[in-house]
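> The structure follows.
The following block contains the structure:
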């Protein structure tokens, strides 16, 4: 799970189907979305947008969360960094718009339960023209696993070794089987950078002055700190079917919601992901371009801390969720762009062994309060006295509204919930600092998966000692089933173990899910082609842009 620098950590959910030895991609015919492109079956949401027909000289694209802090792949772990990085630094594997994982810079295989091999595509070259080698891959992966440098080390602790096993092949050896590991190489963790360039730049690598050297449809042309980042297309890009049609992509860092919407309507900005919710209606009606809603699945949740309070009782947590008007939150706070959900990792996160999912009887729900059941659970919980302190950011435009509804729901159950106003900068330490968490009982977080597989999040959120298990929650059934799931080679066995754990978690609620959000994309009417789904942090999406 990753930290979103503006509003917390967010959870992207879609359908993951692993490919490789013993695993096959399950693809279906894609229905057409309204206005063209492919649609997500049964949702009315767009996966892609109509294909581009021609070239453009320049596109100006906004990053609402501000300027990237770095383009060093091992430290790129937020929206602003990865929105840019995905187009200049591709990974060994690739997360696609329809949420499958496929070969990227390399083909992969799983010859033994603890061995993964990656064989480079022939003819790959870095932005400066030098060939990509197995030595570059080994260097890049070891750097991503280095706790002194990398933000990805929570995923690399099971690695026993990374070795060159051929002129164009690298082998990763694991300490024990882990079938959630491979898909992470579709994220920035799997980026291949040029060893000689990175070593020559040292600490300057990934900065405005140091630049980057990777493989992608674009190269970094300039980075004017505080103003813009400019990418230029790579004319000899290795993937002939996706050679970029836009010569230059300029990223701006407008963060004020009103300014973003007005600039999109006027044509000053050509497009953006993460469209401000408050501007959705204006952009739909403005006539300057097209607003697309795609599968996203960021989940607005309540994280519970270890501070002593009634929230440590699972019956209280479940009761509070049932009492909250999640339908009203989806309708009024997120203006209909969200769906109430009952699960920490909603059904949209599952792309394998869906029969196991059906046994859960968990679905996105109406979100209408069920006070009768909630009050029964409170009665069973016993003593619920004590103050519950809810930290809520007052500067993000949404948390305050949600906090008021949560407080109201608690009052109906006899819970004393006190709102502690915070700035976003004051919320951020709650993810990292145990002392900060001692001051509050719970806080809001938007969470998403790095890759859309429940095992990307559940072990850290709900296993005993998990890195994001802030409440100290522990259940031996959950621990046993998640451990077994990670080590299960077949998707069906993996899903069956996840299903057992999920049944428990849906009742005990170590994290309280409220609603999942759609992904929003706006493009000026002169261009098209970008994927509409929430894949853009890792998929080289700008290569698909072009003239409408």
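Residue numbers (our numbering): 1 to 548.
The C-beta atom is built at its ideal place from N, Cα and C for all residues, glycine as well.
Bear in mind that the values here come from a model prediction, so they are computed numbers and not experimental data.
Within the chosen definition, does the stretch 178-192 reach the stretch 86-103 through at least 3 CB pairs nearer than 8 Å?
yes
> Alpha carbon to alpha carbon, what distance is there between residue 135 and residue 341?
For the purposes of this step, residue 341 is taken as the residue at position 341 of the chain shown. For the purposes of this step, residue 135 is taken as the residue at position 135 of the chain shown. Rounded to the nearest angstrom, the two C-alpha atoms are 45 Å apart.
> Are the stretch 483-496 and the stretch 291-309 touching by the rule of at least three beta carbon pairs closer than 8 Å?
no
> Taking buried to mean at least 16 other C-beta atoms within 10 Å of its own C-beta, is residue 450 buried or exposed?
Reading the chain shown from its first residue, position 450 is the one you call residue 450. Residue 450 is buried by the Cβ-count criterion.
> Please determine if the stretch 200-208 and the stretch 65-78 are in contact, where contact requires at least 3 C-beta pairs separated by less than 8 Å.
Counting Cβ pairs under 8 Å, three or more are found: they touch.
> How close, in whole Å, do the beta carbons of residue 551 and residue 461 come, if the pair is a contact with beta carbons under 8 Å?
The first residue shown for the chain is 1 and the last is 548, placing residue 551 beyond what the model contains.
> For residue 173, collect the residues of the same chain with a Cβ closer than 7 Å to its Cβ; drop the 5 residues on either side in sequence, then sort them by chain order.
Position 173 of the chain shown holds residue 173. Contacts found: 114, 115, 160, 161.
> Just how far apart, CA to CA, sit residue 168 and residue 59?
Translated into the one-based positions of the chain shown, residue 168 becomes position 168. Translated into the one-based positions of the chain shown, residue 59 becomes position 59. Distance between the alpha carbons of residue 168 and residue 59: 36 Å.
> Ignoring anything shorter than 3 residues, give me the beta strand (DSSP E) runs that lie fully in the stretch 365-433, in order along the chain.
387-393, 416-422
> Quick one: measure Cβ to Cβ for residue 100 and residue 529, integer angstroms, because I've assumed they're closer than 8 Å.
The residue given as residue 100 occupies position 100 in the chain shown. The residue given as residue 529 occupies position 529 in the chain shown. The pair is not a contact, with the Cβ atoms about 19 Å apart (cut-off 8 Å).
> Contact defined as beta carbons within less than 8 Å: I believe residue 521 pairs with residue 294. What is the distance between those atoms, to the nearest angstrom?
Within the chain shown, the letter at position 521 stands for residue 521. Within the chain shown, the letter at position 294 stands for residue 294. About 6 Å separates the two Cβ atoms, so the contact holds.
> Here's a check: name, in chain order, each residue in its chain whose Cβ is nearer than 7 Å to the Cβ of residue 251, leaving out the five neighbours to either side.
Within the chain shown, the letter at position 251 stands for residue 251. So the qualifying residues of the chain are 61, 63, 84, 228, 229.
> Please state the DSSP three-state secondary structure of residue 144.
The residue labelled residue 144 in the question sits at position 144 within the chain shown. Residue 144 falls in the helix class under three-state DSSP.
> If distances are taken between C-alpha atoms only, which option among 66, 393, 479, 137 comes closest to residue 225?
Residue 225 sits at position 225 when you count from the first residue of the chain shown. That would be 66, whose Cα lies nearest to the Cα of residue 225.
> Does DSSP put residue 82 in a helix, in a strand, or in coil?
If you number the chain shown from 1, residue 82 lands on position 82. Helix at residue 82.
> Go ahead and pull the three-state DSSP assignment for residue 557.
Any answer about residue 557 is impossible in this case: the structure gives the chain only from 1 up to 548.
> Span of the beta strand (DSSP E) holding residue 497?
Position 497 of the chain shown, counted from the start, is the residue given in the question as residue 497. Careful: residue 497 lies outside any beta strand (DSSP E), inside the alpha helix (DSSP H) at 491-508.
> Tell me which same chain residues have a C-beta within less than 8 Å of the C-beta of residue 272, skipping the five on either side of it?
For the purposes of this step, residue 272 is identified with residue 272 of the chain shown, where counting begins at 1. Excluding residues within five positions, the ones whose Cβ falls inside 8 Å are 61, 62, 63, 64, 260, 264, 521, 522.
> Among all the DSSP beta bridges, which residues are the ones paired with residue 218?
Taking the chain shown and counting its residues from 1, one reaches residue 218 at position 218. DSSP, once it has assigned bridges, lists 233 as partnering residue 218.
> Look at the Cβ atom of residue 56, then the Cβ atom of residue 215, and state whether they are nearer than 8 Å.
Within the chain shown, residue 56 is the residue found at index 56, counting from 1. Within the chain shown, residue 215 is the residue found at index 215, counting from 1. Not in contact: residue 56 and residue 215 (Cβ atoms no closer than 8 Å).
> Since residue 307 and residue 514 should fall inside the 8 Å C-beta cutoff, what is the C-beta to C-beta distance between them, to a whole number of angstroms?
Here residue 307 refers to the residue found at position 307 when the chain shown is read from its first residue. Here residue 514 refers to the residue found at position 514 when the chain shown is read from its first residue. Actually they do not touch by this definition, with Cβ atoms about 21 Å apart.
> In chain order, what residues of the same chain have a beta carbon less than 8 Å from the beta carbon of residue 247, not counting five sequence neighbours either side?
Position 247 of the chain shown, counted from the start, is the residue given in the question as residue 247. Closer than 8 Å at Cβ, skipping near neighbours: 55, 56, 57, 58, 232, 233.
> What residue from 501, 81, 290, 416 has the CA that sits closest to residue 532's CA?
For the purposes of this step, residue 532 is taken as the residue at position 532 of the chain shown. Here the closest residue by C-alpha is 290.
> Can you tell me which residues form a DSSP beta bridge with residue 62?
Taking the chain shown and counting its residues from 1, the one referred to as residue 62 is at position 62. The partner list for residue 62 (beta bridge, DSSP) reads 252, 272.
> Measuring straight from C-alpha to C-alpha, what distance separates residue 319 and residue 504?
Within the chain shown, the letter at position 319 stands for residue 319. Within the chain shown, the letter at position 504 stands for residue 504. Whole-angstrom Cα-Cα distance: 15 Å.
> Rounded to the nearest angstrom, what separates residue 344 and residue 45 at their Cα positions?
Taking the first residue of the chain shown as 1, we reach residue 344 at position 344. Taking the first residue of the chain shown as 1, we reach residue 45 at position 45. The straight-line gap from Cα to Cα measures roughly 22 Å.
> Please report the distance separating the alpha-carbon of residue 378 from that of residue 425.
Residue 378 sits at position 378 when you count from the first residue of the chain shown. Residue 425 sits at position 425 when you count from the first residue of the chain shown. Distance from the CA of residue 378 to the CA of residue 425, rounded to the nearest whole angstrom, comes to 34 Å.
> Bridge partners of residue 164, per DSSP?
For the purposes of this step, residue 164 is identified with residue 164 of the chain shown, where counting begins at 1. Per DSSP, 170.
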